[in-house]
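Numbering (the numbering used here), first residue to last: 10 to 473. In what follows, a single structure is set out as structure tokens and then discussed.
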Ligand code: GDG
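Right under this line is the structure:
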């Protein structure tokens, strides 16, 4: 059987040197299966109903183009002004517009039609993330019988919030057209099952799978991870100081897309409070790297301004002629430099108000030297906190709690730092990138579109 893996995501990854967890995980799978990656790319030609091959890599990349109206209504609109805030428990930021809903459905329908012309009967289709929730339903409508899996990278929404959607009943229905629904954490699985339990159209089978009309679907958690070996190697590159001459010491680091879900304003406030309370006379900095994202969506413009204001206020209060407490870098930094910065930082700050997993938490831990590791301060609302319980877990709504954790991290003795780091690193290794993809695809292969369930496949211990 010539089984290929077809990955579909909103954005087509480019470059031969994959960096993000998702891209790393899928790079090898696609190269080995001779499959392809389908996604939007601005270089794709005009919409003639066919994908355009882009780039030269061990696997094919097939691009479709989004029109300006689709970027506005499907991408910035329904995906990032409805689904993103909804899943991140920011119902107050949801913007409803009929144009958004129509464009979301229309893009999913169009891409489904293009995929139908591309696949063969034995292909496994793996759809990534919230931009494409209705894709399987559209593919089924076109008569595509293949196994189709879905992975949601962001938190599964709470049941009550789903009523905010323009047609809440379609959300569950769309998902049931997938043979397998993959989520980041056990908490996400619990919320997804709660949604199905509350839906009279869903029936739970004895093996835990869900029957919905003619479909059977399964829901499992597959915590995503990073390529630990390569990130550790980048972090430990000798002789390359990420700062050059002016090296601040000691410092804490935060690295996030500039997104309201990452809890940056409270992180800055907590750092200010820590500076206010500190007794020991040290002059630590917070280096915050936050490349802009989704510009043009009001909530993102607002938070950028808020952070600029907080940086000015805190630096104005505490800075000295030769010390800048907060270095707010509102642009991207090259990945290997980031890895070396993580290794030098005494504390890594992840303070998300909601987060599917958070790969930065895993990268920070992977980058540390085992002899003299820094301390991860981790929000209990990040998916990563479900397993990394030896980080300093904090409540990102509680400024005092976070300020206390920063103080504790800077003063923690070596043996405690080592002990915590060893346990966190074990979690990072147990959920490394390759295992995530392998486990998902093993489970997807074993799924069938009938009520006769196959035997449970053997998975890596991570999923026991
Ligand atoms: C979504 C979910 C889930 C950031 N700034 C720079 C840079 N980055 C890299 C980080 C990390 C990645 O971007 C961010 O990943 P996260 O997981 O932290 O967050 P999201 O982008 O929101 O990702 C999340 C993830 O999907 C995977 O499933 O974990 O919960 O929200 O790799 O290092 N990289 C470089 N320069 C930067 O300035 N090179």
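Backbone N, C-alpha and C define an ideal beta-carbon position, used for all residues, glycine too.
If distances are taken between C-alpha atoms only, which option among the options comes closest to residue i?
i: residue 260; options: 431, 434, 415; result: 415
i: residue 283; options: 182, 437, 335, 124; result: 335
i: residue 113; options: 172, 126, 80, 99; result: 80
i: residue 99; options: 438, 327, 268, 383; result: 268
i: residue 343; options: 402, 403, 299; result: 299
i: residue 211; options: 231, 232, 184; result: 184
i: residue 374; options: 206, 452, 431; result: 431
i: residue 115; options: 97, 127, 136, 147; result: 147
i: residue 354; options: 329, 84, 263, 186; result: 263
i: residue 39; options: 52, 12, 61; result: 12
i: residue 174; options: 121, 92, 144, 126; result: 92
i: residue 197; options: 164, 208, 176, 350; result: 164
i: residue 367; options: 265, 192, 182; result: 265
i: residue 138; options: 159, 178, 110; result: 159
Residues bridged to residue i by DSSP?
i: residue 297; result: 263, 337
i: residue 45; result: 15, 69
i: residue 329; result: 332
i: residue 61; result: 72
i: residue 52; result: Partner(s): none; residue 52 has no beta bridge.
i: residue 388; result: 403
i: residue 356; result: 261, 384
i: residue 196; result: Answer by DSSP bridge pairing: none, since residue 196 is not bridged.
i: residue 191; result: 160, 229
Would residue i pass as a contact of residue j if the rule is Cβ separation under 7 Å?
i: residue 405; j: residue 272; result: yes
i: residue 19; j: residue 140; result: yes
i: residue 394; j: residue 234; result: no
i: residue 132; j: residue 155; result: yes
i: residue 391; j: residue 348; result: no
i: residue 188; j: residue 142; result: no
i: residue 73; j: residue 49; result: yes
i: residue 89; j: residue 229; result: no
i: residue 270; j: residue 361; result: yes
i: residue 14; j: residue 34; result: no
i: residue 75; j: residue 47; result: no
i: residue 387; j: residue 370; result: yes
i: residue 222; j: residue 408; result: no
i: residue 65; j: residue 54; result: no
i: residue 82; j: residue 108; result: yes
i: residue 426; j: residue 384; result: yes
i: residue 323; j: residue 281; result: yes
May I ask you to report which of helix, strand or coil DSSP gives residue i?
i: residue 226; result: strand
i: residue 137; result: strand
i: residue 147; result: helix
i: residue 126; result: coil
i: residue 314; result: helix
i: residue 9; result: Only positions 10 to 473 of the chain appear in this structure, which leaves residue 9 out of reach.
i: residue 218; result: coil
i: residue 103; result: coil
i: residue 212; result: strand
i: residue 20; result: strand
i: residue 362; result: coil
i: residue 174; result: coil
i: residue 423; result: helix
i: residue 79; result: helix
i: residue 160; result: strand
i: residue 396; result: coil
i: residue 290; result: coil
i: residue 234; result: coil
i: residue 165; result: coil
i: residue 410; result: helix
i: residue 131; result: coil
For residue i, count neighbouring Cβ atoms within 10 angstroms of its own Cβ and tell me buried if that reaches 16, exposed if not.
i: residue 16; result: buried
i: residue 44; result: buried
i: residue 456; result: buried
i: residue 397; result: buried
i: residue 215; result: exposed
i: residue 464; result: Note that residue 464 scores 48 on pLDDT, short of 50, meaning its location in the model is unreliable; the coordinates nonetheless yield the value given after this. So residue 464 ends up on the exposed side.
i: residue 22; result: buried
i: residue 226; result: buried
i: residue 275; result: buried
i: residue 357; result: buried
i: residue 190; result: buried
i: residue 291; result: exposed
i: residue 338; result: exposed
i: residue 26; result: In this prediction, residue 26 scores a pLDDT of 46, lower than 50, which makes its location untrustworthy; no coordinate-derived value is stated.
i: residue 236; result: buried
i: residue 378; result: exposed
i: residue 328; result: exposed
At a Cβ threshold of 7 Å, is residue i touching chain D?
i: residue 323; result: Reference to chain D is not applicable here, since this structure consists of a single protein chain.
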